[in-house]
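In our numbering, the protein residues as written are 134 to 1116.
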């Protein structure tokens, strides 16, 4: 709270600066207005030239904003207000513009987007769903295209070629998930041609609170099927019903400790519905150990079983059928916690969905293994500059500052707000509450006042709809399913007598204008006629002004009647766990100085009241004999609600902080791996790096063999046997021992490193002599990529398991986060050691030969020859223990290579290539060649849950065949579409 006040102490100074900028822009307006369309468009090239010559974007801001404002006026018929210019300047300065609903946030973004696009590095505008991304790219894109800039949109079903074209535009619109997944896919690409993004210069996040706060609890994950049996899910689903649990949701910390102490012999586990956690007691652990016939559930070999057990208990206690999910046609389908609608195609991650499938005795679908992951926090930190827009950021100002270093600037409204926020009405039962809601709607509808009703679930919206049907009240029901249709209905929600029932998130991004929103309605009318701002821009622009003028004239008289009736009435049927969501609903009314009214109807059976103990309020109502249909208004109730919401917000903040802390460990590792991958992809000469690897690996082998005693005590035979599996050693150990040289560890390292480097130079000369110049560099690139990807994938798998069981360290009085950091660092270093060892082994032992190139093969095809023999254990200890472990790991990998290398050598490469130049290592566990991929994408859903879907058009491929064949098919399909349109 104190931090929030401190952060807002500089607001006055910032607002003064923004007002001065707006005044400067206004002074330039007269000369810009006099420019012709061609002269106005010519300003873009002038600005680009001046930027190239050294002028900064800050210096260009006033002129560029004035030009963009005039372009908006000419294309959209809308002149941005001064407060919108202030908001746009704040965005350019890397701040969050807090603008009330109806103040024109979408139009506000046009100016800073135009200004930053002049730099030629690409500007990204992030929206909450595909519909808004396409709508804004089309609609605001009219301004940018008029000024000579290119605009693209990233949509979920796009192919890589379409995505690349959109990213190469000056301005790109899309959702946070699509931008994040493209970043991850680029870092899984096998060549630069497969990458689609071109950098992270400047991004504006629309509805920044929703994306950077609400959705930040859920990381973006690309995964592939793990090699895992469904047996354990079924086994624990069988055991869970036989275990007794106790609900500690409403208990204080003291009571919980007493439960643990007194009842741990009676209950197998405890669960907390509010925190969504389960904890197994000693009795529970003993029960599982007895049932499975194991000695210790928590020993390393049994660590995965803990995850199965926890998920089975969560499925039993925290995931309820017909509330959290439904079973339809033998499939478990998630029901969104905020909107109540069925989320087709989405799945819980980390094995939770499989646990529910086992509980419901339906087919258990394969669990996925993480192949690439990043949190939204760390993705958005990639941008050089970040700005955001929202109507409700004040409550999270401290978090924006701590996590993203973003300040929140409250932009004044264009006109003073006239909205009246009525006090909450609380009823004893939900039935009585909805009856009162229906009565209130009927009263408002009768006098012609439009009503927008916000519900928390589809189930409740349908229940209310039935009540309204019985009363004969015409209405529309929205449930955040069809965004384009919803935009049209919301655009008409301000008309006289309109009644619209909507779930919390439905229709977000569309203004409710009294009398109807002419812009949205006009856009739909023109599209119905077959006109589009992208494909038929001239015809669209020619009709636009005429249609908008007609609709504005029609709506003006109706708007006056609605104002007389009191403006839009927003009615909330339940408080959300976040104050921001409540404020967003209230913010739908009272836009641009219009009158408006809002009220929330609550009951003691509401989720928020139930979760946070409304028993005191219920006791007071019972003691006073308050009838079910009589509401109460009291400060105590208001305080209880505010306290409950604050608790949830604090819990969610802690969850987000915790997610970020753990991802920080992965982020440092991810940065190293992705930077290395990029160097390889960009074709950097890797010879020096490979030689460093050779030196490092040989020195490790020598250190392991010479850790103890004198040279006479060292086992040279084992050392030489190990080295020969790595490279063709030319030195004889007997000659070394019999020589006059004093054989020390340093001397041994020196001569063996020199011998290995000499062998590598001979290897390079041989390959380049037989295949051609550059063959060795290509081999290095492909071997390093293949081994790096496989090792990184295995490392992610190990880190997932480490994180899953790390909470148990708290039982040993250790900080789980510190333990995760320490062990994660050790595992990462071990992975790098193994990566070097395997890379060197493959580079020395792969057979390379020239062959006729195939459609998608590299210029230097390679084939596996004889694989290295298994590596024996190297004696020694101390410094050699790590080398021994790495030697064993290398031996295992090389044995596997030997088994896979029995195919005849030729143009195809069994270990490092296939017919389409993608290594089998990338195909395994979900990262195979395009056409054989079976990836899954998991990330935050727009309405608060987790969205998971299988391979989409955005992935590397959707159908089989080589890349060349798929591209040819895509070109042919596009050609056919054009021909069909022209008929």
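In this text, a Cβ means the ideal position worked out from N, Cα and C, and glycines have one as well.
In chain order, what are the residue ranges of uninterrupted alpha helix (DSSP H) at least 4 long that sit wholly in the segment 558 to 603? 563 to 579, 591 to 603
So residue 349 packs on residue 510, CB below 8 Å; how close in whole Å? Here residue 349 corresponds to residue number 216 of the chain shown, with the count starting at 1. Here residue 510 corresponds to residue number 377 of the chain shown, with the count starting at 1. Their Cβ separation, rounded to whole angstroms, is 6 Å, which keeps residue 349 and residue 510 in contact under 8 Å.
Identify, in the order they occur along the chain, each residue of the same chain with its Cβ nearer than 7 Å to the Cβ of residue 199, setting aside the five sequence neighbours on each side. Position 66 of the chain shown holds residue 199. If we look at residue 199 and ignore the five residues flanking it on each side, its Cβ neighbours are 158, 161, 162, 165.
Distance between residue 224 and residue 729 (C-alpha atoms, nearest Å): Numbered from 1 along the chain shown, position 596 holds the residue referred to as residue 729. Numbered from 1 along the chain shown, position 91 holds the residue referred to as residue 224. Their Cα atoms are separated by approximately 29 Å.
When you compare the CB positions of residue 320 and residue 505, do they come within less than 8 Å of one another, or not? Position 187 of the chain shown holds residue 320. Position 372 of the chain shown holds residue 505. Contact flag set, yes.
Taking Cβ positions, are residue 578 and residue 584 nearer each other than 8 Å? By 1-based counting over the chain shown, the position of residue 578 is 445. By 1-based counting over the chain shown, the position of residue 584 is 451. In contact: residue 578 and residue 584 (Cβ atoms closer than 8 Å).
Cα separation between residue 959 and residue 482? For the purposes of this step, residue 959 is taken as residue 826 along the chain shown, with counting starting at 1. For the purposes of this step, residue 482 is taken as residue 349 along the chain shown, with counting starting at 1. Looking at the two C-alpha atoms, the distance is approximately 27 Å.
Straight-line gap, residue 559 to residue 699 (C-alpha atoms, nearest Å): Residue 559 sits at position 426 when you count from the first residue of the chain shown. Residue 699 sits at position 566 when you count from the first residue of the chain shown. Rounded to the nearest angstrom, the two C-alpha atoms are 24 Å apart.
Do residue 651 and residue 621 have their beta-carbon atoms positioned less than 8 Å apart in this structure? The residue labelled residue 621 in the question sits at position 488 within the chain shown. The residue labelled residue 651 in the question sits at position 518 within the chain shown. Going by C-beta atoms, residue 621 is not nearer than 8 Å to residue 651.
Just reading off the alpha helix (DSSP H) that residue 767 is part of, what are its end residues? Within the chain shown, the letter at position 634 stands for residue 767. No alpha helix (DSSP H) contains residue 767, which DSSP labels as neither H nor E.
Over the uninterrupted alpha helix (DSSP H) stretch that includes residue 822, give me the two end residues. Working through the chain shown from its first residue, we reach residue 822 at position 689. First-last of the alpha helix (DSSP H) with residue 822: 820 to 838.
Tell me the DSSP secondary structure of residue 1119 in three-state form. The shown model of the chain, from 134 to 1116, leaves out residue 1119, and the question about it has no answer.
Three or more C-beta pairs below 8 Å linking the segment 457 to 467 and the segment 411 to 427: no
On a CA-only basis, which of 290, 353, 876 is nearest residue 513? Give me that one, please. Residue 513 sits at position 380 when you count from the first residue of the chain shown. Taking only the C-alpha atoms, the option nearest residue 513 is 353.
With residue 228 and residue 520 assumed to form a contact (beta carbons below 8 Å), what rounded beta-carbon distance in angstroms separates them? What you label residue 228 is simply residue 95 of the chain shown in a count that begins at 1. What you label residue 520 is simply residue 387 of the chain shown in a count that begins at 1. Rounded, the Cβ-Cβ distance is 6 Å, consistent with contact.
Pull up the DSSP beta-bridge partners for residue 424, would you. On the chain shown, residue 424 is found 291 positions in, with the first residue counted as 1. Residue 424 pairs with nothing; no bridge assigned.
Boundaries of the alpha helix (DSSP H) in which residue 193 is found, first to last residue: Position 60 of the chain shown holds residue 193. It spans 190 to 209 - the alpha helix (DSSP H) in which residue 193 sits, taken as one unbroken run.
Here's the rule I'm using: 16 or more other beta-carbon atoms within 10 Å means buried, otherwise exposed. How should residue 1032 be labelled? Counting from 1 along the chain shown, the entry for residue 1032 is found at position 899. Note that residue 1032 has pLDDT 36, beneath the 50 cutoff, so the model's placement of it is unreliable and no number is given.
What's the call for residue 752, buried or exposed, on a 16-neighbour Cβ count within 10 Å? Translated into the one-based positions of the chain shown, residue 752 becomes position 619. That one is exposed.
If we count the other Cβ atoms within 10 Å of its Cβ and call it buried at 16 or more, is residue 189 buried or exposed? Walking along the chain shown from the start, residue 189 turns up at place 56. With fewer than 16 Cβ atoms within 10 Å of its Cβ, residue 189 is classed as exposed.
Just the Cα atoms here: how many angstroms apart are residue 805 and residue 962? Start at 1 with the first residue of the chain shown, and residue 805 comes out as number 672. Start at 1 with the first residue of the chain shown, and residue 962 comes out as number 829. Roughly 12 Å separates the two Cα atoms.
Beta carbon of residue 827 nearer than 8 Å to that of residue 973: Along the chain shown, one-based indexing puts residue 827 at 694. Along the chain shown, one-based indexing puts residue 973 at 840. Yes, Cβ-Cβ distance for residue 827 and residue 973 is below 8 Å.
Could you tell me how far apart the beta carbons of residue 566 and residue 734 are, in whole angstroms, since I believe they sit closer than 8 Å? In the chain shown, the residue the question calls residue 566 occupies position 433. In the chain shown, the residue the question calls residue 734 occupies position 601. Their Cβ separation, rounded to whole angstroms, is 5 Å, which keeps residue 566 and residue 734 in contact under 8 Å.
Start-to-end residues for the beta strand (DSSP E) that takes in residue 653: In the chain shown, residue 653 corresponds to position 520, counting from 1. Taken as a continuous stretch (DSSP letters only), residue 653 belongs to no beta strand (DSSP E), being part of the alpha helix (DSSP H) at 651 to 661.
If we require 4 or more residues per run, which alpha helix (DSSP H) segments fall completely within the segment 318 to 399? 341 to 345, 364 to 372, 386 to 396
Let me know the secondary structure DSSP gives residue 1082 once reduced to three states. On the chain shown, residue 1082 is found 949 positions in, with the first residue counted as 1. Residue state, collapsed to three classes: strand.
Compare the beta carbon distance of residue 243 and residue 284 with 8 Å and say whether it is the shorter of the two. Numbered from 1 along the chain shown, position 110 holds the residue referred to as residue 243. Numbered from 1 along the chain shown, position 151 holds the residue referred to as residue 284. No, the pair does not count as a contact, with Cβ atoms beyond the cut-off.
Counting Cβ pairs, one atom from each stretch, are 3 or more of them under 8 Å apart for the segment 240 to 255 and the segment 334 to 342? yes
In three-state DSSP terms, what is residue 731? In the chain shown, the residue the question calls residue 731 occupies position 598. Residue 731 falls in the strand class under three-state DSSP.
Inter-residue Cα distance where the pair is residue 1023 and residue 939: The sequence position of residue 1023 within the chain shown is 890, counting from 1. The sequence position of residue 939 within the chain shown is 806, counting from 1. The pLDDT assigned to residue 1023 is 35, lower than 50, so where the model puts this residue is not dependable, and the model offers no usable value.
In three-state terms, what does DSSP make of residue 502? For the purposes of this step, residue 502 is taken as residue 369 along the chain shown, with counting starting at 1. DSSP places residue 502 in strand when its eight states are reduced to three.
Can residue 627 and residue 645 be called in contact, C-beta distance under 8 Å? Locating residue 627 in the chain shown gives position 494, counting from the first residue. Locating residue 645 in the chain shown gives position 512, counting from the first residue. Closer than 8 Å, so yes.
By Cβ distance, which residues of its chain are closer than 6 Å to residue 1082, with the 5 residues on each side in sequence left out? Residue mapping note: residue 1082 aligns to position 949 of the chain shown, counting from 1. 478, 1070.
Let's see if you can read the secondary structure: which residues bound the alpha helix (DSSP H) around residue 926? On the chain shown, position 793 is the one that residue 926 refers to. Residues 908 to 938.
Would DSSP call residue 705 helix, strand or coil? Your numbering for residue 705 matches position 572 in the chain shown. Strand, per DSSP.
Thinking residue 977 and residue 896 are a contact (beta carbons under 8 Å), I'd like their distance in whole angstroms, please. Start at 1 with the first residue of the chain shown, and residue 977 comes out as number 844. Start at 1 with the first residue of the chain shown, and residue 896 comes out as number 763. So it is a contact: roughly 6 Å between Cβ atoms.
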